[in-house]
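Heads up: the sequence lines are chains Y and E, in that order. Our numbering numbers the first residue of the first sequence as 14 and each following residue consecutively. Our numbering numbers the first residue of the second sequence as 10 and each following residue consecutively. We treat Cβ as the ideally placed atom computed from N, Cα and C, and that holds for glycine. Notes for the one structure printed next.
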Amino acid sequence: MTRKQQRFTFIIVGLALLGLATGLILVAMEDGISFFKTPTEILTEKTDSQKRLRIGGLVMDDTVKHEGLLLKFIITDNQSELNVEYEGVVPDLFKEGQGVVLEGYLSQDKIFLADSLLAKHDENYMPKEVADSLKAQGHWQDADQKVSE
Amino acid sequence: MLAEFGQFALILSFAIAVFQMVIGLLPLRANADKYNMLNAITSRAAVLQAVLLALSFAILLLLFASSDFSLKIIVEHSHSQKPLFYKIAATWGNHEGSILLFSLIISLLGACLSLFGGRLDAKFLSVTLAIQAMLAVAILGFVIFTSNPFERLVIVPIEGNNLNPLLQDWALAVHPPMLYLGYVGLSIPFSFAIAALLTEKVDEEWAKWVRPWTLFAWACLTGGIALGSYWAYYELGWGGFWFWDPVENASLMPWLAATALLHSAIVMEKRGALGSWTILLAIIAFGLSLLGTFLVRSGILTSVHAFAVDPARGVVILAILFYFMAGGLGLYAFKSGNIRQRGVFAPISREGALLLNNLILSVMLVTVFVGTLYPLFIDAIGGNKLSVGAPFFNQTFIPLAVPLLILLPIGNMLPWKKADFLSAMKRLIGVFLLAFATMLAFLYFTGHRDILAWAAVLLGVWLVYGAIWEILYSARFGQIGWDLALRRLFNLRRAKFAVMLAHMGIGVLVLGLAAMSAWRVQNIQEMTVGDKMEIAGFELEFDNVQNQTGSNYSEIVGNFNLSRDGVDLGNIATAKRRYLKRSSPTTEVGLYNHYFGQVYVAFGALGENNKVQLRAYYNPLVLFIWLGPLLMMLGGFLSLTDRRGRKVNRAALKQEVVNV
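Right, dumping it as structure tokens:
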């Protein structure tokens, strides 16, 4: 086998693998990706109930209810309010008035059925999307984020 | 006073690094008779620079240990009532301290190289140390100008804010230094690669030097990632061990590159082939380390692991990353044409197998890279905000990893240069049958029915047996008398056993992953004292609730009595803990080891009327998930102790080149 043949073989194998990876990536993009929305966007836009969504906002005060293992609350971006139902592990830093990111699906009657709930993780940390969308709406309070806790 | 001294040592170290960088690069222009002198100066500068930086870091440690609240970062991250161990760990539990540690490791590795690299060519060593100094200058400049750890407060508070409670944990105290050793360990192969391109010295000798450093970085990275995963498993309180979270991916990417580099350097060392590719990998591997540091430090991606982030400073790290990658890859583009390629081999051969390993690992790396950075890219061009979740990675990463792992034991059986695939397979038939029988026995005794899980168990066992068989085959078991073979086994190089451990580790990891994804049992229940819960044949009885206080926290502990088939197994406790000065509670989980599996209990929400939510899991073979990486890491360190394999047989190589 000459050097040329050797190089040719390996380039072909390399390209084939890269092609395979591209294929895999494209297929996986279908259900591996979730789009980030605010409650307002979810309620005003027409959304596909099959599509996995990721929403961020603040947990509204006085709306958190534990019904057995089911957790119910309202998430808001200070414009719209969206009912959320979640069953699973509630992070320790989840509480009213704080930013959360949820993942799940929107039901027919506009209740968000979340299967994942991310709260602030460090006390000074807020998921970036939430911070951005709060900033965009002018509800960002910097002081609250930094030292007060 | 002490803090000012630390600051002074830091600045002095920076100045020496600048000096080291300039002098170290001179041999590229100077006459050959000056090499030795310039190299001697550079080497001493490297040691001095590291000593000063170590002094500066030691002072910071001391200040943390003595809770000196005149320092800003100590107020923000420590507390006088905290146990000493965590006071010390808090030194790197914050942005400033962790970056200082990062630069300290760069300098220490440089110093080690100058102390132990005496046999290297003077010009080459000098340039390598200059590149290492260039890295130190960049990171130290970043520390001094944007993240000064020794910043004082005008008004000195009496008490500190305490370290983030989630970080007050032994695994997470050890995890960052370990991970950094891995990340930064890859800086040496990087400097080697740049120096090799600059001095146009790329040969087997180069690979021989690069391999132990890569091995060291790889072993530390493996251990660091495993520790981080174990921490997430019991500290975040939801029993997951890998979330495909951006910060985890950031550490997985350099690991994949380092794994590839480790294998391609073998081909280069033994056969003189793949030189150009190995250099490229060395550059990229460290680039991915810097990328990881950037992703973690900047907080640009939403992550469950994001601590102490600061977007503004992230930009500086991005600039450093850009400078070294643009420089490194640019230099590669210019100079790689000069690299001589040798050692022609057939596609079916040990070299071919190792190259295939490299190609697959690289493609896996690409999928992780795409998945991790795609949201950033879309955001940057003003598109939708989106996130890439676990399903994406499972669907891309696993289909590529499986063929790689299936082929691993076969590749190990192939001889160098030219091999016969069928005869390698024939030698493995016994291993395969044994693996198959083990899988059947496993399924018979556990009674599980799940085709994919069967296949995964078979793969895991195949890897473990394959690794063991490889070493037995090397000792020629079955070909010569067993007593003779046994003697040969004891005389095998330690590096052989290291390879066995590392490859066995992957098999063990696969078994753990298979069991956890197929047979994990979960139960959530609301309970009051006296209630019972049943999980995977275990019974949990809610005993009592106690209030307790620790040195810097108070907690509510739930005690449960664990039994199995009426046999009492003792107490298992979970707690909600509240640290001083921190408003939110943390969950402490209870664990009970049952062979290599674990019973895992954690408090959910604490309700009214003494009602609590209890989540319990039975995690079968979960300990394999960390035992596997532990074996890999041990393999890495064991191989480092083997000096016999480091000699390149130049005469034999020349002979082969002539024959081809």
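Original post:
E/M642 and E/G323: beta carbons closer than 8 Å?
Top reply: Their beta carbons are not under 8 Å apart, which means E/M642 does not touch E/G323 by this criterion.
Original post:
For E/M542, which three-state DSSP category applies?
Top reply: Note: E/M542 maps to strand in three-state DSSP.
**OP:** Could you pull out every residue in the same chain whose Cβ sits closer than 6 Å to the Cβ of E/F401, ignoring the five residues on either side in sequence?
**Re:** G380.
**OP:** Output yes if chain Y places a C-beta closer than 8 Å to the C-beta of E/F506; else output no.
**Re:** No, no contact with chain Y.
Subject >> Proximal residues, the segment 134 to 167 of chain E versus chain Y, C-beta separation under 8 Å >> reply: Those would be none; no residue qualifies.
Subject >> Pick from E/G102, E/I387, E/L118, E/L481 that is closest to E/V60, judged by C-alpha positions >> reply: Nearest C-alpha to E/V60: E/L118.
Subject >> Pick from Y/L66, Y/F107, Y/L31 that is closest to Y/D6, judged by C-alpha positions >> reply: Nothing about residue 6 of chain Y can be read from this structure; chain Y reaches only from 14 to 162.
**OP:** Quickly, what does DSSP pair Y/T89 with across the bridge? List them, please.
**Re:** In DSSP, Y/T89 forms a bridge with Y/L71, Y/E94.
**OP:** Measure the CB-CB distance between E/I108 and E/S156 and report whether it falls below 8 Å.
**Re:** Annotated as proximal: E/I108 and E/S156, with beta-carbon spacing under 8 Å.
Subject >> Bridge partners - E/M513, DSSP secondary structure assignment >> reply: Note: E/M513 sits in no beta bridge, so no partner.
Original post:
Between the Cα of E/G521 and the Cα atoms of E/V530, E/N570, E/V466, E/G475, which residue gives the shortest distance?
Top reply: Checked all of E/V530, E/N570, E/V466, E/G475; the closest Cα to E/G521 is E/V466.
Original post:
Can you pull the DSSP bridge partners for E/F486?
Top reply: Per DSSP, E/I489.
Original post:
Any idea what DSSP makes of Y/K59, helix, strand or coil?
Top reply: Coil, per DSSP.
**OP:** Decide if the segment 602 to 620 of chain E is in contact with the segment 191 to 200 of chain E; the criterion is three or more beta carbon pairs, one per stretch, under 8 Å apart.
**Re:** These segments do not touch.
Subject >> For Y/L84, the residue or residues it bridges with in DSSP >> reply: DSSP, once it has assigned bridges, lists Y/H79, Y/Y99 as partnering Y/L84.
Subject >> Nearest candidate by alpha-carbon position, reference E/K426, set E/A291, E/L230, E/Q534, E/K279 >> reply: Considering only alpha carbons, the answer is E/K279.
**OP:** Can you grab the Cα-Cα spacing for the pair E/G361 / E/G284, in whole Å?
**Re:** Computed Cα separation, rounded: 14 Å.
Original post:
Taking Cβ positions only, does E/I376 come closer than 8 Å to chain Y?
Top reply: Just to set this straight, residue 376 of chain E is Thr in the shown sequence, not Ile. At least one chain Y Cβ lies under 8 Å of E/T376.
Original post:
CB-CB under 7 Å to E/N45, same chain, minus the five flanking residues each way: which ones, in chain order?
Top reply: Contacts found: A131.
Original post:
Can you give the Cα-Cα distance for Y/L126 and E/D254, rounded to whole angstroms?
Top reply: C-alpha separation (whole angstroms): 22 Å.
Subject >> Burial state of E/P166 (16 or more Cβ within 10 Å) >> reply: It counts as exposed.
**OP:** Please look up how many angstroms separate the CB atoms of E/I82 and E/N103, rounded, as I've assumed it's under 8 Å.
**Re:** With a Cβ gap of about 5 Å, E/I82 and E/N103 count as contacting.
Original post:
How big is the Cα-Cα spacing for E/G33 and E/I203?
Top reply: Taking the straight line from one Cα to the other gives about 13 Å.
**OP:** With DSSP collapsed to three states, give me the class of E/Q555.
**Re:** Note: E/Q555 maps to strand in three-state DSSP.
Original post:
Residues in the segment 599 to 619 of chain E with C-beta within 9 Å of chain Y's C-beta atoms, listed in sequence order?
Top reply: Cβ contacts with chain Y: A611, G613, A614, G616.
Original post:
Cβ atoms of E/A582 and E/N570: under 8 Å apart, would you say?
Top reply: Against a cut-off of 8 Å, the Cβ pair of E/A582 and E/N570 comes out as no contact.
Original post:
Where does the unbroken alpha helix (DSSP H) through E/H272 begin, and where does it stop?
Top reply: Where E/H272 is concerned, the enclosing alpha helix (DSSP H) starts and stops at 255 to 280.
Original post:
For E/L495, is the classification buried or exposed, using 16 other Cβ atoms within 10 angstroms of its Cβ as the cut-off for buried?
Top reply: The residue is exposed, with fewer than 16 neighbouring Cβ atoms inside 10 Å.
Subject >> Residues that Y/T57 contacts on chain E, provided the C-beta gap is smaller than 8 Å >> reply: Simply none; closest approach about 16 Å.
Original post:
Roughly how many angstroms separate the alpha carbons of E/Q29 and Y/V97, rounded to a whole number?
Top reply: Rounded to the nearest angstrom, the two C-alpha atoms are 60 Å apart.
Original post:
Within the chosen definition, does the segment 89 to 106 of chain E reach the segment 174 to 190 of chain E through at least 3 CB pairs nearer than 8 Å?
Top reply: Yes, the segment 89 to 106 of chain E is in contact with the segment 174 to 190 of chain E.
Original post:
Considering only the beta carbon of each residue, do Y/V113 and Y/L130 sit closer than 8 Å?
Top reply: Yes, these two residues count as a Cβ contact at 8 Å.
Original post:
Which residue from E/C229, E/G337, E/W251 puts its Cα closest to that of E/S5?
Top reply: Within the shown structure, residues of chain E are numbered from 10 to 669, placing residue 5 of chain E beyond reach of any answer.
**OP:** Could you tell me whether any Cβ in chain E is nearer than 8 Å to the Cβ of Y/K159?
**Re:** Low confidence applies here, because Y/K159 scores a pLDDT of 32, under 50, leaving its location unreliable and the question unanswered by this model.
**OP:** Classify E/A317 as helix, strand or coil using the three-state DSSP reduction.
**Re:** Legend: pLDDT at E/A317 = 48, less than 50; position of this residue unreliable, value from coordinates given subsequently. Of the three classes helix, strand and coil, the one that applies to E/A317 here is coil, per DSSP.
Original post:
For a contact meaning CB atoms closer than 8 Å, what does Y/L37 contact in chain E?
Top reply: Contact note: Y/L37 reaches chain E through T376, Q404, T405, P408, L409, using a C-beta cutoff of 8 Å and chain order.
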